[in-house]
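Positions 413 to 639 (this note's numbering) are the ones given, in order, by the sequence shown. Here's the structure, in structure tokens; my notes come after.
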Amino acid sequence: NKITKRVTCEIFLDTATAIFISIAILKAESNETHKMVLPQRKYNEVPLTWEAISVIVFRGSLSELGRSMAQEEEYQRFRKDLADSWASGTDYVLHTKFLFTKYRGADGRWRTTAPQTEGGDCGATVRALNDYPYNLEEGVCHWVLWVLGREVSEKDIAQAKADIVKKLSRDVDGRKGKGVSYSAAAATNLEFVHYVNPPHLQSFREIDHAHILYRSVTGVNSTIFRD
Numbered sequence: 413n414k415i416t417k418r419v420t421c422e423i424f425l426d427t428a429t430a431i432f433i434s435i436a437i438l439k440a441e442s443n444e445t446h447k448m449v450l451p452q453r454k455y456n457e458v459p460l461t462w463e464a465i466s467v468i469v470f471r472g473s474l475s476e477l478g479r480s481m482a483q484e485e486e487y488q489r490f491r492k493d494l495a496d497s498w499a500s501g502t503d504y505v506l507h508t509k510f511l512f513t514k515y516r517g518a519d520g521r522w523r524t525t526a527p528q529t530e531g532g533d534c535g536a537t538v539r540a541l542n543d544y545p546y547n548l549e550e551g552v553c554h555w556v557l558w559v560l561g562r563e564v565s566e567k568d569i570a571q572a573k574a575d576i577v578k579k580l581s582r583d584v585d586g587r588k589g590k591g592v593s594y595s596a597a598a599a600t601n602l603e604f605v606h607y608v609n610p611p612h613l614q615s616f617r618e619i620d621h622a623h624i625l626y627r628s629v630t631g632v633n634s635t636i637f638r639d
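Structure representation (structure tokens):
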């Protein structure tokens, strides 16, 4: 009986060990399968300072604006999900930024109705925080200005900046008496830079858009600008 119990115990342990090893192998294979292959480029592991951003934009060397490897991996996963779920990047932008109605196509992917080339859709603008910004120092905010049916103009960009200042002033005023001592004047004291990427750097080429970055020069807590 002792020998039988010992053999049974050894068989059980061997089986358990084999199962454990198999699970470990499967997990390793799964991790390898889902490992994201990142583009071969220089990654900004150190956040870009406002001074560095300004110089890069002034020189027009926009490829130097980049994410960290961790940020890029998250962005590439988003791009893969977008390709799997949406008929095109344009459909995604039309729905998520311009609130066009989406519907399932015959292939099961999301689509939207095409915008009208004339009338209400043409020239519509939307300003939104960049969902996947570059690796920027704390206090720098990155917005994207989208325009339907035409190119982004300097007038569009100037209006977007004015709207940002107006929104931040309103948000700051709305927080008075709630433990926040910032003033509207501080919120309006902002520095801006803006640029339009050349086609080879654009993620969504079909809908023209400009990037607008800003920071407060008065030391206002940056979190107030991310609402």
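In this text, a Cβ means the ideal position worked out from N, Cα and C, and glycines have one as well. Quick caveat: nothing in here was measured; it's all calculated off a predicted structure.
TODO: Keeping to the same chain, check which residues put their C-beta closer than 7 Å to that of Leu454; ignore five residues upstream and five downstream.
DONE: As a first step, residue 454 is located in the sequence shown; it is residue number 42 there, counting from the start. First, the residue type needs correcting, since residue 454 is Lys and not Leu in the sequence shown. Result list for Lys454: Gly478, in chain order.
Open item on the list: If contacts are defined as beta-carbon pairs under 8 Å, then Ala536 and Val556 qualify, I think. What distance do you get, rounded to the angstrom?
Closed with: Taking the sequence shown and counting its residues from 1, one reaches residue 536 at position 124. Taking the sequence shown and counting its residues from 1, one reaches residue 556 at position 144. In this structure Ala536 is not in contact with Val556, their Cβ atoms being roughly 14 Å apart against a cut-off of 8 Å.
Task: C-alpha distance - Met481 paired with Tyr546, whole-angstrom precision - done: Here the question's residue 481 lines up with position 69 in the sequence shown. Here the question's residue 546 lines up with position 134 in the sequence shown. C-alpha separation (whole angstroms): 11 Å.
- [ ] Give the DSSP bridge partners of Ser628, in chain order.
- [x] Within the sequence shown, the letter at position 216 stands for residue 628. DSSP output for Ser628 lists Leu602 as bridge partner(s).
- [ ] May I have a chain-ordered list of the beta strand (DSSP E) segments no shorter than 3 residues that lie completely inside the region 489-545?
- [x] Along the region 489-545, the beta strand (DSSP E) occurs as fully enclosed runs of 3 or more residues at 514-516, 522-524 and 537-541, listed in sequence order.
Task: Start and end residues, alpha helix (DSSP H) containing Val608 - done: Stepping through the sequence shown from its first residue, residue 608 is reached at position 196. In the DSSP assignment, Val608 falls outside any alpha helix (DSSP H), carrying neither H nor E.
Task: Simplified DSSP assignment, three categories, for Asp548 - done: If you number the sequence shown from 1, residue 548 lands on position 136. The sequence shown places Leu at residue 548, rather than the Asp named in the question. It is a strand residue.
Open item on the list: Which of the three DSSP states is assigned to Leu613 in this structure?
Closed with: Mapped onto the sequence shown, residue 613 falls at position 201. Helix at Leu613.
- [ ] May I ask which residues mark the beginning and end of the alpha helix (DSSP H) holding Val559?
- [x] To locate residue 559, count along the sequence shown from 1; it is residue 147. Note, Val559: premise wrong, no alpha helix (DSSP H); beta strand (DSSP E) at Cys553 to Val559.
Open item on the list: With three or more C-beta pairs closer than 8 Å as the rule, is the region 550-566 touching the region 619-628?
Closed with: Output reads yes: the region 550-566 touches the region 619-628.
- [ ] Measure the alpha-carbon distance for Tyr487 versus Asp543 and round it to whole angstroms.
- [x] As a working mapping, residue 487 is identified with position 75 in the sequence shown. As a working mapping, residue 543 is identified with position 131 in the sequence shown. Near 9 Å, if we compare the C-alpha coordinates of Asp543 and Tyr487.
Open item on the list: Less than 8 Å between the beta carbons of Leu625 and Glu549, yes or no?
Closed with: Walking along the sequence shown from the start, residue 625 turns up at place 213. Walking along the sequence shown from the start, residue 549 turns up at place 137. Cβ atoms of Leu625 and Glu549: not closer than 8 Å.
- [ ] Could you please give the first and the last residue of the uninterrupted alpha helix (DSSP H) stretch that includes Arg453?
- [x] Here residue 453 refers to the residue found at position 41 when the sequence shown is read from its first residue. For Arg453, there is no enclosing alpha helix (DSSP H), since its DSSP letter is neither H nor E.
TODO: Assign Ser628 to one of two classes, buried (16 or more other C-beta atoms within 10 Å of its C-beta) or exposed (fewer than that).
DONE: By 1-based counting over the sequence shown, the position of residue 628 is 216. Per the 10 Å Cβ criterion, buried.
Task: Own chain, CB closer than 7 Å to Val608, minus 5 neighbours either side, in chain order - done: For the purposes of this step, residue 608 is taken as residue 196 along the sequence shown, with counting starting at 1. Excluding residues up to 5 positions away in sequence, Val564 and Ala622 lie with their Cβ nearer than 7 Å to the Cβ of Val608 in the same chain.
Task: Neighbourhood of Lys414 by C-beta distance below 7 Å, restricted to the same chain and skipping five residues each side - done: As a first step, residue 414 is located in the sequence shown; it is residue number 2 there, counting from the start. Low confidence applies to Lys414: its pLDDT is 48, below 50, so where it sits in the model is not reliable, and the reading given next is rough at best. Annotation for Lys414: no residue places its beta carbon closer than 7 Å to its own, counting only its chain and skipping 5 residues before and after.
Task: Span separating the alpha-carbon of Gln483 from that of Phe490 - done: Within the sequence shown, numbered from 1, the residue matching residue 483 stands at position 71. Within the sequence shown, numbered from 1, the residue matching residue 490 stands at position 78. Gln483 and Phe490 have their alpha carbons spaced roughly 11 Å apart.
Task: Per-residue DSSP class, three states only, for Leu460 - done: Translated into positions along the sequence shown, residue 460 becomes position 48. It is a strand residue.
Task: Beta-carbon gap between Val605 and Ile465 smaller than 8 Å - done: Residue 605 sits at position 193 when you count from the first residue of the sequence shown. Residue 465 sits at position 53 when you count from the first residue of the sequence shown. Yes, Cβ-Cβ distance for Val605 and Ile465 is below 8 Å.
TODO: Kindly indicate which residue of Val505, Asn456, Asp496 and Leu474 has the alpha-carbon position closest to the one of Pro611.
DONE: By 1-based counting over the sequence shown, the position of residue 611 is 199. Ranking the options by Cα distance to Pro611, first place goes to Leu474.
Open item on the list: Considering Cα atoms alone, identify which of Gly551, Asp503 and Lys567 is closest to Glu603.
Closed with: Within the sequence shown, numbered from 1, the residue matching residue 603 stands at position 191. That would be Gly551, whose Cα lies nearest to the Cα of Glu603.
TODO: Look at Arg512 and Thr525 and say whether their C-beta atoms are less than 8 Å apart.
DONE: Looking up residue 512 in the sequence shown gives position 100. Looking up residue 525 in the sequence shown gives position 113. Here residue 512 turns out to be Phe, not Arg, going by the sequence shown. By the CB criterion at 8 Å, Phe512 and Thr525 fall inside the cutoff.
Open item on the list: Once the 5 residues before and after Leu494 are set aside, which same chain residues still bring their CB inside 8 Å of it?
Closed with: Here residue 494 refers to the residue found at position 82 of the sequence shown. Gly501 and Tyr504, listed in sequence order.
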